[in-house]
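Participant: One structure, pasted below without further comment.
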Amino acid sequence: PINPTTPPPTTMPLPAAEALKAEGNAFFKGGQYKQAIEKYNAASQIDPSVPAYWSNAAACWEKVGDFEEMANAGRNCIKADRNFVKGYFRLATALKNLNRFAECIKTLESGLGIQSSNADLKRMKKEITELQRGEQVAIHINKADEQMTNGDIAGAMKTLDLASRLDAGNPDIDRMIAKVRPKYEAMEARRKSSLSSTELHKERGDADYKNANFEGAVEHYAKCIDNLKKEGKGESELALKAYSNRAACYKQISNFDGTISDCTAVLEIDPENVKALIRRAQAFEGVERYRFALQDVKSVLTMPSGKVGKPNIDMCNMMQHRLNRTVQQLKKMG
């Protein structure tokens with residue numbers, strides 16, 4: 080009997096297929112790639128379970144510049160043997176040349192999941208990540224240019240800020256920022272001069288939040304909310320934002336009771352506010368009120384997926400699984 084801890088014996092390659100592979104190798108060395116492909120494909124037809132036949136065909140397709148066919152050969156190589164790391168490299172190379180960077184990264188990560196130390200896969204992942212970054216920067220620059228042309232100064236400034244985070248010191252970005260910033264700052268000064276003291280507290284809270292001064296932000300949001308209540312605007316859009324943002328601050332400093340209270344205030348105005356339901360569920364879990372947390376998570380999962388968004392759905396599914404397990408364990412404990 081075979082010991083379950085030892086790998087099963089490998090099947091010996093079929094002589095006819097191996098002979099065709101040898102002919103293919105000879106054609107490959109001679110630069111006759113189309114003829115080599117015919118031989119490798121013929122070998123694969125005899126025994127499609129040998130990854131090397133598909134891998135060699137993929138190498139030939141790369142030489143003749145047909146990356147769609149190279150990708151197909153790479154996929155068949157992985158299908159033949161999911162542990163044959165070169166198959167992932169072949170498929171990733173094809174996807175890179177087809178400019179399908181997201182698929183390429185996914186393929187590389189699958190390969191690295193099998194052999195995390197593979198230098199070729201690691202090197203290509205770094206290269207593709209850099210290409211993706213460059214591509215995203217170019218998209219941001221073009222978008223900002225269009226926004227400037229259309230007079231959307233605030234939008235252009237926001238886009239350029241995103242671009243600058245991706246590629247700090249990029250001369251094109253710096254040149255555009257130098258052009259946009261004076262107009263943006265003048266526009267912001269005009270906007271802020273027209274704000275009430277209540278609205279200014281909300282603005283200052285937002286600024287403190289961005290600078291991770293959560294306690295300072297809480298104070299400003301509290302003043303904003305208090306003023307709105309005095310003005311009879313405790314359920315206004317501004318109040319909703321202030322409660323929501325203060326809840327986010329409370330969550331950051333692990334004030335779960337404060338988070339629950341402010342999220343509840345938001346949900347009294349907007350019962351289907353996804354952000355508030357998720358934050359409150361996380362806070363309920365933080366204070367071990369698991370059934371309440373589960374109820375909020377289930378409320379989110381009954382909403383249309385377009386409203387919730389995939390990242391939130393994935394997070395809520397994980398939370399639901401975890402909370403269900405915890406509730407069941409508590410039931411067993413009596």
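The sequence shown begins at 80 in this note's numbering and counts up by one.
A virtual CB, placed ideally from N, CA and C, is assigned to each residue, including glycine.
Is Ser-275 helix, strand or coil by DSSP?
Facilitator: Numbered from its first residue, the sequence shown carries residue 275 at position 196. Note: Ser-275 maps to coil in three-state DSSP.
Participant: Between the region 212-227 and the region 182-200, do at least 3 Cβ pairs fall closer than 8 Å?
Facilitator: no
Participant: Using 8 Å as the cut-off, can you tell me whether the region 350-370 makes contact with the region 328-337, which would need three or more C-beta pairs spanning the two stretches below that distance?
Facilitator: yes
Participant: Tell me whether the beta-carbon of Leu-99 lies closer than 8 Å to the beta-carbon of Lys-118.
Facilitator: Taking the first residue of the sequence shown as position 1, residue 99 is located at position 20. Taking the first residue of the sequence shown as position 1, residue 118 is located at position 39. For Leu-99 and Lys-118, yes; Cβs fall inside 8 Å.
Participant: Tell me the rounded alpha-carbon separation between Ala-122 and Glu-182.
Facilitator: Within the sequence shown, numbered from 1, the residue matching residue 122 stands at position 43. Within the sequence shown, numbered from 1, the residue matching residue 182 stands at position 103. Computed Cα separation, rounded: 28 Å.
Participant: Can you tell me which of Lys-354, Pro-350, Asp-349, Ile-348 puts its alpha carbon nearest to the alpha carbon of Thr-338?
Facilitator: For this step, residue 338 is matched to residue 259 along the sequence shown. Answer by Cα proximity: Lys-354.
Participant: Identify every run of the beta strand (DSSP E) within the region 296-340, keeping only runs that are complete inside it and at least 3 residues long; order them along the chain.
Facilitator: none
Participant: Tell me whether Thr-84 sits in a helix, a strand or coil according to DSSP, three-state version.
Facilitator: The residue you call residue 84 lines up with position 5 of the sequence shown. Confidence in Thr-84 is poor, its pLDDT being 40 and thus under 50, which makes the residue's placement unreliable; the coordinate value appears in the next sentence. If DSSP states are grouped into helix, strand and coil, Thr-84 belongs with coil.
Participant: Is Gly-144 near Phe-168, with beta carbons less than 8 Å apart?
Facilitator: Along the sequence shown, read from residue 1 onward, the residue named residue 144 stands at position 65. Along the sequence shown, read from residue 1 onward, the residue named residue 168 stands at position 89. Cβ atoms of Gly-144 and Phe-168: not closer than 8 Å.
Participant: Exposed or buried, Asn-265, counting other C-beta atoms within 10 Å across all chains shown (16 or more means buried)?
Facilitator: In the sequence shown, residue 265 corresponds to position 186, counting from 1. The amino acid occupying residue 265 in the given sequence is Ala; Asn does not appear at that position. Counting Cβ neighbours within 10 Å, Ala-265 comes out exposed, since fewer than 16 surround it.
Participant: So, for Val-387: in the same chain, excluding its five sequence neighbours on each side, which residues have a beta-carbon less than 7 Å away from its beta-carbon?
Facilitator: Counting from one through the sequence shown, the residue named residue 387 turns up at place 308. Excluding sequence neighbours, Val-387 sits near Val-353, Val-379.
Participant: Identify every run of the alpha helix (DSSP H) within the region 358-389, keeping only runs that are complete inside it and at least 4 residues long; order them along the chain.
Facilitator: 369-380, 384-387
Participant: Would you say the region 127-141 touches the region 102-109, given that touching needs at least three Cβ pairs under 8 Å?
Facilitator: yes
Participant: Hey, is the region 198-207 in contact with the region 219-230, meaning 3+ C-beta pairs nearer than 8 Å?
Facilitator: no
Participant: Within its chain, find whatever has a CB closer than 8 Å to the CB of Gln-399; leave out the 5 residues flanking it on each side and keep chain order.
Facilitator: Residue 399 sits at position 320 when you count from the first residue of the sequence shown. Answer for Gln-399: Leu-373, Val-376, Lys-377, Leu-380, listed in chain order.
Participant: Near Met-382, what residues of its chain come up, given a Cβ to Cβ distance below 8 Å and the 5 sequence neighbours on each side ignored?
Facilitator: As a position in the sequence shown, residue 382 is number 303, starting the count at 1. If we look at Met-382 and ignore the five residues flanking it on each side, its Cβ neighbours are Glu-351, Val-353.
Participant: How about Leu-422 and Asp-349: are their beta carbons less than 8 Å apart?
Facilitator: Residue numbering for the chain in the displayed model covers 80 to 413; residue 422 lies beyond these limits and cannot be assessed.
Participant: By DSSP, does Gly-192 sit in helix, in strand, or in coil?
Facilitator: Taking the sequence shown and counting its residues from 1, the one referred to as residue 192 is at position 113. Correct three-state label for Gly-192: helix.
Participant: For Lys-258, collect the residues of the same chain with a Cβ closer than 6 Å to its Cβ; drop the 5 residues on either side in sequence, then sort them by chain order.
Facilitator: One-based indexing of the sequence shown puts residue 258 at position 179. Closer than 6 Å at Cβ, skipping near neighbours: no residue.
Participant: If we count the other Cβ atoms within 10 Å of its Cβ and call it buried at 16 or more, is Lys-165 buried or exposed?
Facilitator: Position 86 of the sequence shown holds residue 165. Around the beta carbon of Lys-165, 16 or more other beta carbons lie within 10 angstroms, which makes this residue buried.
Participant: Given this structure, state the Cα-to-Cα distance separating Ile-125 from Lys-113, to the nearest angstrom.
Facilitator: The sequence position of residue 125 within the sequence shown is 46, counting from 1. The sequence position of residue 113 within the sequence shown is 34, counting from 1. About 19 Å.
Participant: Please name the residue in Lys-142, Gln-111, Cys-156 whose C-alpha comes closest to that of Trp-133.
Facilitator: By 1-based counting over the sequence shown, the position of residue 133 is 54. Ranking Lys-142, Gln-111, Cys-156 by Cα distance to Trp-133 puts Cys-156 first.
Participant: Could you give the DSSP three-state label for Thr-179: helix, strand or coil?
Facilitator: The residue you call residue 179 lines up with position 100 of the sequence shown. For the record, residue 179 in the displayed sequence is Arg; it is not Thr. DSSP, reduced to helix, strand and coil, places Arg-179 outside both helices and strands of the structure shown, so it counts as coil.
Participant: If we ignore side chains and look at the alpha-carbon of each, how far apart do Ala-150 and Gln-407 end up?
Facilitator: Taking the sequence shown and counting its residues from 1, the one referred to as residue 150 is at position 71. Taking the sequence shown and counting its residues from 1, the one referred to as residue 407 is at position 328. Those two C-alpha atoms are separated by around 47 Å.
Participant: Quick check on Glu-310: buried or exposed, where buried means 16 or more other Cβ atoms within 10 Å of its Cβ?
Facilitator: Counting from 1 along the sequence shown, the entry for residue 310 is found at position 231. Under a 10 Å Cβ-count criterion, Glu-310 is classified as exposed, with fewer than 16 other Cβ atoms of the shown protein chains found around its own Cβ.
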